[in-house]
Amino acid sequence: MNISPRFAEFGMTGAFFLISQLGVIVFLSSHGEFTILSQHWATVIDTFHSNLPEALRKSSDSLVTVIGVICIFITGLILDLIGSYFAFLEIIIFSRHIQRNQVWLNVLTYQVPGNVLNDYREYRDRFGSGFIVSLPRLWDRVCLSREYRNLQAFLFSYVQVFSSVSSVLDDNMHLWRTSRAISTTMLILAAEVIWVDALNDRFQFLYFLLIFGVSALITLRSYSRLCFTLFSLASVTQEKQSKK
């Protein structure tokens, strides 16, 4: 794993989340209960600072800066972990690409017998490609999540090992993970606004559905772009390997 791009990714998404939190504080500053809560925490911070020993008080600014930088990266990491829950939608996009690329995938997976071949056949034949399905079919898709992860990992590994232009795939992966983190941030902000009753009760549910739809669209668009790149590179790489 290349450490530097991941840390830059966590830094950007963590900073975006914390800046958006400041925006929420400004937006909700007129809300009575929220104002009292923010004042309480401001008092707690001032009391903590005044009770620090003199030696630590002089270096408190540097200490706060270091803690702030650490919090930014940790926040980015947490957003990346939470964003994995979008996989229940991304798995549908992946299935559609599997259906479109069956011709060369049948050849590729046949050359790798064992779990990969079995998982591919199970996933191809049972999952389907529609967004709206019955409850039994939905549960069947949930049970196929292991096959989905294994196939995705296999294709990523195949391109990384045999393709000479895997950096294109890396760029799309960073964009996809960043999009998921931004979408997760939007959902958290929506939940915060609803939690403090800053909106009229009649519009809270519609507001959350709107934010969820926009965040899901952002994530699925970036994941679809990643899948197009992944399957295209895997197809070209498989053709080159077959001619050797």
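Using my numbering, you'd call the opening residue of the sequence shown number 9 and step up by one each time.
C-beta: ideal position from N, C-alpha, C; glycine also.
Bear in mind the structure is a predicted one, so any value in this text is a computation, not a measurement.
Problem set entry | Simplified DSSP state of G19, which is helix, strand or coil | The sequence position of residue 19 within the sequence shown is 11, counting from 1. Three-state DSSP puts G19 in a helix.
Problem set entry | Span of the alpha helix (DSSP H), counted from its first residue to its last, around Y321 | Because the chain spans 9 through 252 in this model, residue 321 falls outside it and cannot be assessed.
Exercise. Do Q219 and M194 have their CB atoms nearer than 8 Å?
Worked result: Residue 219 sits at position 211 when you count from the first residue of the sequence shown. Residue 194 sits at position 186 when you count from the first residue of the sequence shown. According to the sequence as given, residue 219 is Ile; it is not Gln. It is a contact, given that the beta carbons lie within the stated cut-off.
Exercise. Among the residues of its own chain, which have a CB less than 7 Å from the CB of S230, if the five just before and after it don't count?
Worked result: What you label residue 230 is simply residue 222 of the sequence shown in a count that begins at 1. L183, W184, S187, listed in sequence order.
Exercise. Looking at C-beta atoms only, is the number of pairs between the stretch 165-179 and the stretch 227-245 that lie closer than 8 Å three or more?
Worked result: yes
Exercise. Can N114 and N158 be called in contact, C-beta distance under 8 Å?
Worked result: Position 106 of the sequence shown, counted from the first residue, corresponds to residue 114. Position 150 of the sequence shown, counted from the first residue, corresponds to residue 158. Their beta carbons are not under 8 Å apart, which means N114 does not touch N158 by this criterion.
Exercise. If you count every other CB in all the chains shown that lies within 10 Å of the CB of P13, and 16 or more means buried, which is it?
Worked result: As a first step, residue 13 is located in the sequence shown; it is residue number 5 there, counting from the start. It counts as exposed.
Exercise. Between which two residues does the alpha helix (DSSP H) harbouring Q123 extend?
Worked result: In the sequence shown, counting from the first residue as 1, residue 123 sits at position 115. Gln is not the amino acid found at residue 123; the sequence shown has Asn there. Note, N123: alpha helix (DSSP H), 123-134.
For this session: Grab the span of the alpha helix (DSSP H) containing Q110 for me, first residue to last.
Result: Residue numbering aside, residue 110 sits at position 102 when the sequence shown is read from its first letter. Segment 110-118, the alpha helix (DSSP H) holding Q110.
Exercise. What separation, rounded to the nearest whole angstrom, lies between the Cα atoms of L234 and I80?
Worked result: Stepping through the sequence shown from its first residue, residue 234 is reached at position 226. Stepping through the sequence shown from its first residue, residue 80 is reached at position 72. In a straight line, the C-alpha of L234 is about 26 Å away from that of I80.
Exercise. Run through DSSP, which three-state label would V77 get?
Worked result: Position 69 of the sequence shown holds residue 77. Three-state result, V77: helix.
For this session: Using 10 angstroms around the beta-carbon of V120, count the other beta-carbons present and answer buried if the total reaches 16, otherwise exposed.
Result: Here residue 120 refers to the residue found at position 112 when the sequence shown is read from its first residue. It is exposed - the Cβ of V120 has fewer than 16 other Cβ atoms within 10 Å.
Problem set entry | Short Cβ contact (8 Å threshold) for F164 with L152 | Position 156 of the sequence shown holds residue 164. Position 144 of the sequence shown holds residue 152. Contact flag unset, no.
For this session: If I'm right that A189 touches L87 with Cβ under 8 Å, what's the distance once you round it to whole angstroms?
Result: In the sequence shown, counting from the first residue as 1, residue 189 sits at position 181. In the sequence shown, counting from the first residue as 1, residue 87 sits at position 79. Confirmed, about 4 Å.
Problem set entry | Proximity winner among R154, Y156, N109, relative to F236 (alpha-carbon distances) | Stepping through the sequence shown from its first residue, residue 236 is reached at position 228. Of the candidates R154, Y156, N109, the one whose C-alpha sits nearest the C-alpha of F236 is N109.
For this session: Grab the span of the alpha helix (DSSP H) containing S191 for me, first residue to last.
Result: As a first step, residue 191 must be located in the sequence shown, where it is residue number 183. Here the alpha helix (DSSP H) through S191 covers 174-203.
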